[in-house]
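S.K.:
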Amino acid sequence: AAIEANDASAAGALCVRDVVVSYGANRALDGVSLDVAAGELRAVIGPNGAGKSTLFAAIAGEVAPASGSVALDGVDITRWAPHRRVRYGIARAFQVSRIFPTLTVRENVLAAWLCREGKAQRWWRAVDGAAHAHAGVALDDVGLGALAERRGDSLSQGDRKRLEIAMALQLDARLLLLDEPTAGMSPKETSATVALVESLWHRRGLTILLTEHDMSVVFRLAQRLTVMHRGRVLCTGAPAEIRGRADVREIYLGHG
374 AAIEANDASA
384 AGALCVRDVV
394 VSYGANRALD
404 GVSLDVAAGE
414 LRAVIGPNGA
424 GKSTLFAAIA
434 GEVAPASGSV
444 ALDGVDITRW
454 APHRRVRYGI
464 ARAFQVSRIF
474 PTLTVRENVL
484 AAWLCREGKA
494 QRWWRAVDGA
504 AHAHAGVALD
514 DVGLGALAER
524 RGDSLSQGDR
534 KRLEIAMALQ
544 LDARLLLLDE
554 PTAGMSPKET
564 SATVALVESL
574 WHRRGLTILL
584 TEHDMSVVFR
594 LAQRLTVMHR
604 GRVLCTGAPA
614 EIRGRADVRE
624 IYLGHG
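Per our numbering, the very first residue in the sequence shown carries number 374; after that it's consecutive.
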């Protein structure tokens with residue numbers, strides 16, 4: 374069963390309205406609207422090419438919509454640059470890991486803190502005791518405290534994803550975008566990652582929007598699901614409702 378709702382007074386309410394994104398003649402998003410309540414854990418599912426990654430890119434500011442709007446907590450951020458959205462509380466963890474492979478686990482998290490503080494140009498000169506303490510909390514939160522001095526490229530796939538999430542936590546995210554958080558993981562790593570997302574969601578009061586191909590993960594985590602197909606929202610509902618829809622089974626789940 375999906376986990377229960379967080380306190381709705383938490384910040385992080387997302388409103389996507391009539392967003393259109395085109396790549397040449399291909400309309401990747403064709404008038405997408407989406408409302409995610411503050412503190413909600415929502416999954417966006419759909420077959421390859423449905424527009425899920427483009428939706429995430431539009432929310433994060435990595436692509437500019439031709440029309441439509443994106444707002445967080447009532448503030449229109451449609452034309453904001455990605456770095457401004459990060460400082461406002463939007464963090465994205467990617468399907469393909471984007472950690473710094475030659476830095477240690479701790480240094481990766483400190484680098485994220487420096488970016489948030491606008492001190493990246495001064496690099497380690499800007500790191501003080503408070504930064505190290507903040508990094509330590511984030512690493513403990515994701516279970517990587519014991520691996521703090523390991524290099525990024527020595528980590529397992531599951532631990533790399535944990536590190537990415539720790540880096541996102543350093544950004545003081547209100548809205549956490551998780552793009553295929555269990556991609557490439559073993560069953561054991563997948564189970565651990567699901568438990569981590571559940572735990573962080575409960576303890577930190579984050580709004581989480583995730584895409585995921587593993588339906589067992591989706592139905593365990595999400596309060597509500599949004600199904601996309603060919604650049605449009607097909608439907609949104611509770612997991613049991615979505616599971617029971619014939620049109621969803623036909624386009625995505627592939628079974629009766």
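Each residue gets a CB set at the ideal place from its N, CA and C atoms; glycine is no exception.
#1: Per the contact definition of three or more C-beta pairs closer than 8 Å, is the region 461-476 in contact with the region 537-552?
#2: Counting along the chain, where does the beta strand (DSSP E) carrying Ala464 start and finish?
#3: Which runs of the alpha helix (DSSP H) spanning at least 4 residues fall entirely within the region 509-555, listed in chain order?
#4: Report the rounded CA-to-CA distance for Thr475 versus Arg524, giving the unit in angstroms.
#5: Could you tell me whether the Cβ atoms of Ala595 and Leu445 are closer together than 8 Å?
#6: Residues bridged to Asp610 by DSSP?
#7: Which residues bound the beta strand (DSSP E) around Thr584?
#8: I want to know whether the region 520-535 touches the region 575-595 - three or more CB-CB distances under 8 Å.
#9: Quick one: give me the first and last residue of the beta strand (DSSP E) that Leu569 is part of.
#10: Select from Leu520, Leu483, Gly518 and Met601 the residue whose C-alpha is nearest the C-alpha of Gly502.
#11: Can you give me the Cβ contacts of Val436 inside the same chain, cut-off strictly under 7 Å, excluding the 5 residues immediately before and after it?
#12: Grab the span of the alpha helix (DSSP H) containing Ile432 for me, first residue to last.
#13: For my contact list, Val409 and Val443 are in at a C-beta cut-off of 8 Å; report their separation, rounded to the angstrom.
#14: Kindly list the residues whose CB is nearer than 7 Å to the CB of Glu623, restricted to its own chain and excluding five residues on each side of it in sequence; keep chain order.
#15: Looking only at its chain, what residues have a beta carbon closer than 6 Å to the beta carbon of Leu520, apart from the 5 residues adjacent to it on each side?
#16: Mind checking whether Ala411 and Gly385 have CB atoms under 8 Å apart?
#17: So for Asn421, helix, strand or coil by DSSP?
#18: Do you know offhand how far Leu387's Cα is from Leu407's?
#19: For Pro438, which residues in the same chain have their Cβ closer than 7 Å to its Cβ, ignoring the five residues on either side in sequence?
#20: Would Thr609 and Leu598 qualify as a contact pair, given that the criterion is a beta-carbon distance under 8 Å?
#21: Identify every residue that forms a DSSP beta bridge with Asn399.
M.R.: Looking at the atomic coordinates:
#1: With a cut-off of 8 Å on Cβ pairs, the region 537-552 is in contact with the region 461-476, counting three or more such pairs.
#2: For Ala464, the uninterrupted beta strand (DSSP E) run begins and ends at Ile463 to Ala466, by DSSP.
#3: List check, alpha helix (DSSP H) in window: 530-543.
#4: Taking C-alpha positions only, Thr475 is separated from Arg524 by approximately 6 Å.
#5: Not closer than 8 Å, so no.
#6: One detail in the question is off: residue 610 reads as Gly in this sequence, not Asp. According to DSSP, Gly610 bridges with Leu598.
#7: Note, Thr584: beta strand (DSSP E), Thr580 to Thr584.
#8: Contact check between the region 520-535 and the region 575-595: fewer than three CB pairs, one atom from each, fall below 8 Å, which does not count as touching.
#9: Not the beta strand (DSSP E): Leu569 falls in the alpha helix (DSSP H), residues Pro560 to Arg577.
#10: The candidate whose alpha carbon is nearest that of Gly502 is Leu483.
#11: Leaving aside the five residues that flank Val436 on each side, the residues in its chain whose CB is nearer than 7 Å to its CB run, in chain order, Val394, Thr427 and Ala430.
#12: Here the alpha helix (DSSP H) through Ile432 covers Lys425 to Ala433.
#13: The distance from the Cβ of Val409 to that of Val443 is about 11 Å, inconsistent with a contact at the 8 Å cut-off.
#14: For Glu623, where only same-chain residues beyond five positions count, there are no Cβ hits under 7 Å.
#15: Val478.
#16: The answer is yes: Cβ separation under 8 Å.
#17: Here Asn421 carries a coil assignment [DSSP, helix/strand/coil].
#18: Answer to the nearest angstrom: the Cα atoms are 8 Å apart.
#19: Answer for Pro438: Val392, Val393, Val394, Ala431 and Thr451, listed in chain order.
#20: Thr609 places its beta carbon less than 8 Å from that of Leu598.
#21: Under DSSP, the beta-bridge partners assigned to Asn399 are Tyr396.
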